[in-house]
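Working notes for the structure below.
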Amino acid sequence: MTSDELSSPRRLQRVRRTLSSAAVGSLHLLARHEEHASPTRTSSGSQTARSRSSSGSRSTEITSSSEDVSARTSSLPSMPEGEGSHGTERGDPFADPRLRLAGRPVEEAPSYHVFPRRQKWFVIAVIGAAGLFSGLSSNIYFPALDVIATDLQVSHQMVSLTITSYLAVQGVSPLIWGSISDALGRRPIYMASFAVYIVANIGLSLSPNFAVLLIFRGLQAAGSASTVSIGESTDARGHDNSCKRISVLIDVVTPGNGVIQDISPPAERGTFISFYQAIRNFSIAIGPVLGGVLANFLGFRSIFVFLLALSAAVTLVIVVFLPETMRAIAGNGSLRLRGVYKPLIRYLRKEPDYMEDPEGPVRRKEVTPMTFVEPLRLLGQKDILVNLVFGGVVYTVWSMVTSSTTDLFKVTFHLTELQIGLAFLPNGFGTIIGSAMAGKLMTRDYLSVEETYKASHGSDATEKFTGGSLPADFPIERARLKRLPWIVVVFVVATAAYGMSLNFVSLTSRRGWIAVPLALQFFVAATSNAVFSLNQTLITDLCPGKGAGATAVNNLVRCGMGAVGVALAEMLINSTGPGATFLGLALATVAVGPLAVAHWYWGQSWRASRTEAAERARTEKALGS
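Heads up, the sequence shown is in our numbering, so the first residue is 24 and it goes up one at a time.
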């Protein structure tokens, strides 16, 4: 049989079915021998001795064994063609439903997680509530900037420094919280980080001067950032292991993904992450409205009193109800928890029958200084670096649009704090729609590229690619960046037009003109968040097995660049006007566009070079040891 014949998909399918039937028959034969253990061992030993005597006798025995297997498998019930390969995705013969050992069913593999679906949904709801605080803390604050400046008798530029400090701390914190969470577990870090967050809100609600506000605002970012880093160990895939991606949203890191990965197999994960992200998006949309209402009627400190009460309630729910989910500690949910890992409710209720003690001490990852430094090495990879820089510039422009809204709309349209809060709604809804749009487009584009790749390579159409098993020549860059050009064009045009819509008094004084910059804000938010989703997903694709590190570095670069941009926004607008400022930012986006073009054309070769270097390093390490 020629190699070309062997590569035929139809012939390969027949070979798989033959091997599957042979394996089933072999196990059936072993099951019958189980009743006569001693003779089986004797026969097995003599057969092994004969198989070592010579190559000729070995060939004879293999032939006779195959005939014996065929004879025994003929007594098994017949199976429709093709069914033998359906035990698993890869045609695992050991999952054959007909197989019985000595009259007993084969012992089923333990379930991925013992929680019933209702309990899983409760866990997702709890971590979703915890994940509210990163986006909510950031966006609820914007409508109050003018009130803060008046109350504390500082300039608007000084107040903008509190946004800068928030972004800077939020950029660094996930590197720390995520690493500690992977070592100590999810539950203790949730409780510790919320303790930090509660202390920060107490300080903010009592802040007598600007210095206290600035310090505790940074502490608030440190506490809320943990909700976007805890257990970040998944690649944010959707419904299965192939292509579905759930978009990564404003704060760059997908919060609670580690918990979702702990309790749900890939088939369930997409639904849970979609619901989880919807909760976070809701906080981004509703946050400014709440901030405007509170600042308008009760003063800016009431914002932090509200966050304090809400975070205390969520902390109580976590302490009482949320169990540890990290699989190194809780397994598939059936291992008995102790100490800080055990929720209070389990002390009051009878534990389920499936609970059991772990075998031996729990092994946790060791945290060393290199644990926090390791993700920074990704900055040395060309394809990853160009993505980080391009995404960071877009994030910075969007952050400058958002942070300057309060002052611009207050001066230009003479709005109250309540009206300013409502003015943030187009930005919030743009965030939701842009992220959802990018997720659907990525899924469609990936499926299209995957289908084309399999057809051109003669691959099995049912084969599923995972992040760690993408072929080296698979054009993942083309799949992710296919829609980027027109999204960036809309972003650039909307940003430039937004500045011009606020630049001329002859326009802004017209009745109803405020709808124009608000509509443009919607397009800026939608397209920028679509870019964030495409960008983050591609970075995760490029770093299989390093999703946490890649996400943390992405967070660091974006928030770092965004912090600098927010600090400069007020000064630029005051010196050059909104028209020139946002036109310049649009042109800055165009200036970094060649980075995305370079990745489109040379990204695959850069990725191949990195993979080859990693393989050489592993080989050298293996030889050295």
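Glycine residues also receive a C-beta, built at the ideal position from the N, C-alpha and C atoms.
Please state the DSSP three-state secondary structure of R73. Confidence in R73 is poor, its pLDDT being 39 and thus under 50, which makes the residue's placement unreliable; the coordinate value appears in the next sentence. R73 falls in the helix class under three-state DSSP.
Taking buried to mean at least 16 other C-beta atoms within 10 Å of its own C-beta, is P197 buried or exposed? buried
Give every residue of the same chain whose Cβ lies closer than 6 angstroms to the Cβ of G315, excluding the five residues on either side of it in the sequence, and list them in chain order. P166, E440, L441, I443 and G444
Output yes or no for whether 7 angstroms exceeds the beta carbon distance between V337 and I150. no
Who are the near neighbours of M102 in its chain, counting only those whose CB is closer than 6 angstroms to its CB and skipping five residues on each side? With a pLDDT of only 41 at M102, under 50, the local geometry of the prediction cannot be trusted, and no value is derived from it.
Delimiting residues of the alpha helix (DSSP H) encompassing A631: G616 to G647
Closest to S160 by C-alpha separation, out of I309, Y299 and S178, would be which residue? I309
Enumerate in chain order the residues of its own chain whose CB-to-CB distance from Q193 is below 6 angstroms, with the five nearest sequence positions on each side excluded. A244, A248 and C582
Tell me whether V424 is buried or exposed, calling it buried when 16 or more other Cβ atoms sit within 10 Å of its Cβ. buried
Tell me L445's beta-bridge partners as DSSP assigns them. Paired residue(s): none; L445 is not in a bridge.
Tell me whether the beta-carbon of T187 lies closer than 7 angstroms to the beta-carbon of I307. no
Cα-Cα separation between I326 and H480, rounded to whole angstroms: 58 angstroms
Is the region 499 to 509 close to the region 610 to 625, with three or more CB pairs under 8 angstroms? yes
Under DSSP, the alpha helix (DSSP H) around K143 begins and ends at which residues? R140 to N162
Within a Cβ cutoff of 6 angstroms, which residues of the same chain sit near F395, ignoring the five residues on either side of it in sequence? L198 and S202
Residues bridged to E474 [DSSP beta-bridge criterion]: Answer by DSSP bridge pairing: none, since E474 is not bridged.
Near M584, what residues of its chain come up, given a Cβ to Cβ distance below 6 angstroms and the 5 sequence neighbours on each side ignored? G415 and T419
Determine contact between the region 365 to 374 and the region 521 to 537, defined as no fewer than three beta-carbon pairs at a distance below 8 angstroms. no
Since I believe F555 is in contact with K517 (beta carbons under 8 angstroms), could you give me their beta-carbon distance rounded to a whole number of angstroms? The question names Lys, but residue 517 in the sequence shown is Ala. Actually they do not touch by this definition, with Cβ atoms about 15 angstroms apart.
Separation of R141 from W200, as counted between CA atoms: 29 angstroms
Pairing CB atoms from the region 210 to 225 with CB atoms from the region 172 to 180, are three or more of them under 8 angstroms? no
So, is R136 buried or exposed, given that buried needs 16 or more other C-beta atoms within 10 angstroms? It should be noted that the sequence gives His, not Arg, for residue 136. The residue in question, H136, is buried, as its Cβ has 16 or more Cβ neighbours within 10 Å.
Quick check: what's the CA-CA separation for S551 versus V434? 26 angstroms
From which residue to which residue does the alpha helix (DSSP H) around R209 run? R209 to S228
Any C-beta of chain D sitting closer than 7 angstroms to the C-beta of V316? Judged by its chain identifiers, the structure shown contains no chain D, having just a single protein chain.
Classify N597 as buried or exposed, calling it buried when 16 or more other Cβ atoms lie within 10 Å of its own Cβ. exposed
Coarse secondary structure for E593, derived from DSSP in three states: helix
Looking at C-alpha atoms only, which residue of D376, G607, V539 and R639 is the closest neighbour of G588? G607
Would you mind stating whether T348 and I286 have Cβ atoms separated by less than 7 angstroms? yes
Determine the DSSP secondary structure at L190, reduced to helix, strand or coil. helix
How should Y377 be labelled, buried or exposed, when 16 other C-beta atoms within 10 angstroms of its C-beta is the threshold for buried? exposed
Residue from K505, M594, L543 and R467 with nearest C-alpha to A519: L543
For L190 versus A586, is the C-beta spacing smaller than 7 angstroms? yes
For a quick check, are the C-beta atoms of G246 and A223 less than 7 angstroms apart? yes
Cβ of P392 within 7 angstroms of Cβ of A575? no
For M378, the first and last residue of its enclosing alpha helix (DSSP H): Premise fails: M378 is in no alpha helix (DSSP H) and is neither H nor E.
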